[in-house]
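Visitor: In our numbering, the protein residues as written are 37 to 277. Before I ask anything, here is the structure I am working with.
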Amino acid sequence: LRDETYDILRKHNVAYTVVDEPLLPPEVHNTADFAYVRWHGHGAQLWYDYEYSMDQLEEWKPKVEEIKSNVRRTYGYFNNHFNANAVKNAVEMLELLDQATLEQKIVHEKIATYREEVARPRGVQPLEAFSTSDEDLSVADHLLHFTDPVRIGRGEKIKRSEVMVSLSDKDHLMGEVRDYYIDIDLHQRVIKHNCDDWRKGMGTKRLCKHLVRFFMELPPGQASRVLSRIWDEIDGWSFEE
């Protein structure tokens, strides 16, 4: 493109598409009060059959920040992909920019977990096994707001003898699962737990298999009410050790 082309775009407030692809340089030109960044990919045969690495996305972070500082709104697009690469890379870019929402982080975690273990483990019951009634959401349906089917399956396989509910009242639940403590304070809106998987998921407010099993041990109606309340107030809840 020539300089006069950019001038025409600016005159009509038309955004130049900043691209990442094999044939064109990733030049940044602000020609409107909004910006459009397109990550096409670098697939060997098909450009769009591609997943960006974190190193590649980090290289783009300063460019995107520069673009954002000069426009009213910035749009970023990754090519749609059968393996959810576009969704994964989009959320990763948002995380690098500290712009990812809780829901987006949860989706990112679910994609990663799904790739680790696509098939349901042998012996795991279907979600319908946990239904409280035909009209209401099942306990497992509520749990899916906070975790993935794989962790639900792992939680279900924990034996009842490994679960203890020591306190269960309207505003407070306490207990242990496999010697890990669980403390759910509905008044203070705090959940405390101490397994490694919990620590990894605290930032995205993801439940581990121990919390899954704990909720399964509660009466279904109580578990559903508590999970529904937490989800409705999720922004105000704190997940801690």
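In this text, a Cβ means the ideal position worked out from N, Cα and C, and glycines have one as well. As the structure is a prediction and not an experimental result, all values here were calculated from the model.
Looking at M252 and V175, is the spacing between their C-beta atoms short of 8 Å?
Guide: yes
Visitor: Please check the pair T183 and R242, which I expect to be a contact at CB under 8 Å, by giving their CB distance rounded to whole angstroms.
Guide: 6 Å
Visitor: Which residues in the same chain as E164 place their Cβ atom closer than 6 Å to its Cβ, once the five residues preceding and following it in sequence are excluded?
Guide: Only weak support is given to the placement of E164: the predicted model assigns it a pLDDT of 49, under 50, and the value that follows is read from those uncertain coordinates. Taking C-beta separations shorter than 6 Å and ignoring five residues to either side along the sequence, E164 has no partners in its chain.
Visitor: Quick check on DSSP: helix, strand or coil for H76?
Guide: coil
Visitor: Tell me, please, which residues DSSP counts as bridged to H208.
Guide: D221
Visitor: Which residues does DSSP list as the beta-bridge partners of S274?
Guide: V226
Visitor: Can you name the residues that DSSP bridges to L203?
Guide: M210
Visitor: Can you grab the Cα-Cα spacing for the pair S105 / D134, in whole Å?
Guide: 15 Å
Visitor: Alpha carbon to alpha carbon, how far is R249 from Q258? Give it in angstroms, no decimals.
Guide: 14 Å
Visitor: Taking one C-beta from the segment 269-277 and one from the segment 228-241 each time, how about it: are there three or more such pairs within less than 8 Å?
Guide: yes
Visitor: Can you tell me whether V55 is helix, strand or coil according to DSSP?
Guide: strand
Visitor: Could you tell me whether the Cβ atoms of V127 and K146 are closer together than 8 Å?
Guide: no
Visitor: Contact between the segment 209-221 and the segment 181-200: three or more CB pairs below 8 Å?
Guide: yes
Visitor: Using the three-state DSSP reduction, which class does T41 fall into: helix, strand or coil?
Guide: helix
Visitor: Considering just the uninterrupted stretch of the beta strand (DSSP E) at F114, what are its terminal residues?
Guide: R109 to F114
Visitor: Do N115 and G77 come within 8 Å of each other at the CB atom, strictly closer than that value?
Guide: yes
Visitor: Give the secondary structure of A176 by DSSP, where H, G and I count as helix, E and B as strand, and everything else as coil.
Guide: In this structure, A176 counts as helix in the three-state DSSP scheme.
Visitor: When the Cα atoms are used, what is the spatial distance from G79 to H181?
Guide: Rounded to the nearest whole angstrom, the C-alpha separation of G79 and H181 is 34 Å.
Visitor: I need the DSSP call for F118, collapsed to helix, strand or coil.
Guide: coil
Visitor: Considering only C-alpha positions, which residue in the set E94, D232 and Y150 is nearest to I188?
Guide: Y150
Visitor: Check the DSSP bridge columns for F70 and list the partner residues they point to.
Guide: Under DSSP, F70 takes part in a beta bridge, and its partners are R109.
Visitor: Please state whether the Cβ-Cβ distance between N119 and Y86 is less than 8 Å.
Guide: no
Visitor: Whose C-beta lies closer than 7 Å to the C-beta of E57 among residues of the same chain, with five residues either side of it excluded?
Guide: H76 and W83
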